[in-house]
Structures are given as C-alpha cells and as structure tokens.
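Start counting the sequence shown at 1; every next residue gets the next number (full-length UniProt numbering). Read through the structure below, which is laid out as structure tokens, and then see the notes.
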Amino acid sequence: EESDTNESLNLWANSVISTTSNHSQLLLRMVVSNVLLFTFVENEDTIAVFKFLAPGIKLPKLKVIGGKVLMKSAQLLQNNIIKITKNDTYGVTATFDTWTNVKQEHILKVVFITTEGQSLI
C-alpha cells in the first residue's frame with residue numbers, strides 16, 4: 001500500500017512539475033541564488049537527486065538554462081526595474097561603480113535606489 005501511495009505521489013509531482021511552464025526558471029533561480037555553476041544542472045549527482053525526488057522530470061540542458069532561460073529572466077528583470085523606476089513618485093538615485101576584472105575588461109555597475117530605499121541592481 002505504501003508503494004502505491006509513493007507511486008501516486010510521484011505521478012502527481014511529475015505532472016505538476018511537467019505542466020509548470022516555469023520549472024526551468026525555478027531551476028535557474030536555484031542555481032543563481034545558491035551561487036552554483038551552470039554545469040550544476042548536468043552534474044550526475046544533481047540528476048540523481050532530481051530523479052529520486054521526481055523520477056519523471058527531465059532537467060533542461062546547460063545550453064537551455066544558460067541561454068534561452070537566462071536571457072528571458074534577464075529581460076523580465078530589466079522590464080521590472082524599468083517599471084519600478086518609472087513608477088517611483090520622487091525619482092530614483094543612481095550609483096555607479098567601475099572596476100577592471102582579471103581579464104582586464106572594464107566593468108560598469110549601476111544601482112538604482114528608490115525613494116523607499118529599495119536597491120535595483
């Protein structure tokens with residue numbers, strides 16, 4: 001009976017995960033928020049854990065996560081920052097920082113700060 005329950009739970013979880021159009025987006029958020037390398041999604045141990053938790057799930061490939069999904073996420077973030085800054089009644093403060101990385105590339109970082117003190121990076 002326990003086996004039937006586990007199988008039912010697995011089928012339910014897999015159907016929820018499979019029908020969730022943003023499961024790749026959630027995986028990207030997990031990778032970024034935990035400061036993981038994008039290769040994490042193709043690591044054998046990662047795949048084993050996901051297969052254990054939800055046997056029917058198929059993780060997106062590295063190129064998908066680091067390409068299409070990342071670009072979509074970046075676009076959504078940029079649109080959200082623009083929306084927030086446009087709707088700020090009193091305007092925002094922009095702070096700038098520059099540095100050179102180990103490849104001798106010049107980097108410019110801009111942070112917008114809303115009147116409520118929210119940092120938008």
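Heads up, the beta-carbon is just placed ideally off N, CA and C, and yes, glycines get one too. Computed from a prediction, not measured in an experiment: that's the story for all the values here.
DSSP-derived helix/strand/coil call for Lys103 = Taking the sequence shown and counting its residues from 1, the one referred to as residue 103 is at position 103. The answer is coil: DSSP assigns Lys103 none of H, G, I, E or B.
Does DSSP put Val35 in a helix, a strand or coil?
-> On the sequence shown, residue 35 is found 35 positions in, with the first residue counted as 1. Of the three classes helix, strand and coil, the one that applies to Val35 here is coil, per DSSP.
Using 10 angstroms around the beta-carbon of Val41, count the other beta-carbons present and answer buried if the total reaches 16, otherwise exposed.
-> Locating residue 41 in the sequence shown gives position 41, where the first residue counts as 1. It counts as buried.
Between the region 83-98 and the region 59-75, do three or more beta carbon pairs fall short of 8 Å?
-> no
Taking the alpha-carbon positions, what's the Ser119 to Val35 distance?
-> On the sequence shown, position 119 is the one that residue 119 refers to. On the sequence shown, position 35 is the one that residue 35 refers to. For Ser119 and Val35, the distance between alpha carbons rounds to 20 Å.
Selected residue, minimal CA-CA separation from Leu26, among Asp45, Asn101 and Lys72 | Taking the sequence shown and counting its residues from 1, the one referred to as residue 26 is at position 26. Checked all of Asp45, Asn101 and Lys72; the closest Cα to Leu26 is Lys72.
Cross-strand partners of Phe112 (DSSP beta bridge) = Translated into positions along the sequence shown, residue 112 becomes position 112. Bridge partners of Phe112: Ala94 and Leu120.
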